[in-house]
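For the sequence shown, the UniProt record's numbering begins at 1 and goes up steadily by one.
Where is the CB? At the ideal position from N, CA and C, for every residue including glycine.
Everything numeric in this text was worked out from a predicted model, so none of it was measured.
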Amino acid sequence: MQSIAILGASGYTGAELVRIIATHPGMKIVALSGDRKAGMSMGEVFPHLRHLGLPDLCKIEEIDFSAVDLAFCALPHATSQAVIKELPRTLKVVDLSADFRLRDPAEYEKWYGKPHAAVELQQEAVYGLTEFYRDEIRAARLCAGTGCNAAAGQYAIRPLIEAGVIELDEIVIDLKAGVSGAGRSLKENLLHAELSGGTMPYSAGGKHRHLGEFDQEFSKLAGRPVLVQFTPHLMPFNRGILGTVYVRGNAEEIHATLAARYQGEVFLEVLPFGQLASTRSVAGSNFVHLGVTGDRLPGRALVTVAIDNLTKGSSGQAIQNANLMLGLPETMGLMLAPVFP
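Dropping the structure here:
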């Protein structure tokens with residue numbers, strides 16, 4: 001059994017890590033931190049986890065990391081840099097924040113508004129999109145989890161850029177995201193009375209921070225700058241992401257390209273041509289559904305992608321990467337079926 005610490009266990013991604021690891025046959029939680037809720041039990045913070053024999057929440061400085069094999073860091077960006085910089089350099093770390101996703105520190109400062117505070121660690125961090133960086137993650141000490149929106153968009157688009165089957169300058173990502181993606185902190189626009197019954201775009205017009213990941217990853221694949229249009233929308237459901245990606249290319253070829261690239265990938269399911277993805281079909285799971293259809297306009301296609309933002313978009317992805325880093329089977333603990341209805 002690998003001994004696991006979860007830093008920032010009082011947030012949504014922390015709770016999701018606990019939920020999955022509770023039945024993981026190769027991991028045992030030995031420490032949970034939650035600075036503002038230190039001294040409380042997880043059952044008090046998250047009643048749905050009351051039945052589990054978990055350690056109480058504590059402050060990070062109270063954890064004996066010599067007894068820990070791997071730490072999940074589910075802290076806000078900027079906080080993660082400061083914390084991880086002080087952890088033992090022998091400790092394996094999977095970071096769920098944005099702090100180590102962007103390889104260029106100048107890009108981090110551009111998108112997150114402050115200088116990177118752990119540049120020396122950035123150089124060793126491996127980007128955590130598992131199906132595309134599997135070998136690098138297996139050998140990593142520090143793995144940087146992707147943004148949930150960035151993961152969804154990349155699953156739909158990366159193979160198409162690799163295969164050269166779409167026009168690179170005409171990619172539009174329209175994305176619908178559940179409210180848990182905004183975190184657990186109190187925010188006026190997330191109050192039930194202000195969110196329920198409506199929807200709205202946010203960080204539109206090229207302002208969303210996950211564009212930094214799209215720019216980095218798509219441009220690296222293409223060998224030249226690739227800038228996509230991306231507009232996320234906040235939806236009045238708890239969890240899930242649905243992306244509708246508009247591209248120029250042959251729809252049947254696009255479908256065949258995705259099916260070929262993801263053949264053998266346990267967590268990625270390419271639906272039969274013409275079927276479209278739904279968040280309902282992946283809720284609470286580490287699975288990704290992709291669908292492709294043509295358009296009435298010749299030479300255009302729609303690619304739809306559905307993931308659970310808390311699982312495959314964050315905590316499930318983190319555990320998948322941790323499995324690799326710890327030498328465990330990649331799918332261990334992650335074969336939970338989606339929750340329906």
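Determine the extent of the alpha helix (DSSP H) in which residue i is found, giving its start and end residues.
i    : result
G133 : The amino acid occupying residue 133 in the given sequence is Tyr; Gly does not appear at that position. First-last of the alpha helix (DSSP H) with Y133: 130-138.
E269 : Unbroken run through E269 is the beta strand (DSSP E), 268-270; no alpha helix (DSSP H).
L324 : 316-325
Mapping DSSP to helix, strand and coil, what is residue i?
i    : result
R261 : helix
A277 : coil
G153 : helix
A144 : strand
V292 : strand
I166 : coil
T244 : strand
N189 : helix
L328 : coil
G181 : helix
L160 : helix
A251 : helix
G313 : helix
A283 : coil
A256 : helix
Beta carbon of residue i, beta carbon of residue j: below 8 Å?
i           : j    : result
G249        : V119 : no
I254        : A301 : yes
L334        : I20  : yes
G313        : A152 : yes
G284        : V339 : yes
V179        : V247 : no
L49         : V83  : no
H289        : E265 : no
A156        : G243 : yes
K176        : M235 : yes
residue 405 : A22  : Residue 405 falls outside the range modelled here, since the chain spans only 1 to 341, and no answer is possible.
L168        : V245 : no
Can you tell me where the beta strand (DSSP E) with residue i in it begins and where it stops?
i    : result
I307 : 300-307
L175 : 172-178
*If you scan the segment 196-242 from start to end, which runs of the beta strand (DSSP E) of 3 or more residues do you find wholly inside it?*
229-235
_Three-pair Cβ contact test at 8 Å for the segment 188-208 versus the segment 258-276_ = no
_Whether or not the segment 316-333 and the segment 58-74 are in contact is what I'm after, with contact meaning three or more pairs of Cβ atoms, one per stretch, closer than 8 Å; do they touch?_
yes
*Scan the UniProt domain "Semialdehyde dehydrogenase NAD-binding" (3-140) and note each continuous alpha helix (DSSP H) run of 4 residues or more that stays entirely inside, going in chain order.*
12-21, 42-45, 79-86, 105-112, 119-122, 130-138
*Is the segment 223-231 touching the segment 162-181, taking contact as three or more C-beta pairs under 8 Å?*
yes
_Cβ pair count under 8 Å reaching 3, the segment 55-70 against the segment 5-15_ = yes
*Count the C-beta pairs between the segment 115-133 and the segment 190-197 that are closer than 8 Å, then say yes if the count reaches three, no if not.*
no
*Examine the Cβ distances between the segment 85-94 and the segment 134-147 and report whether three or more of them are shorter than 8 Å.*
yes
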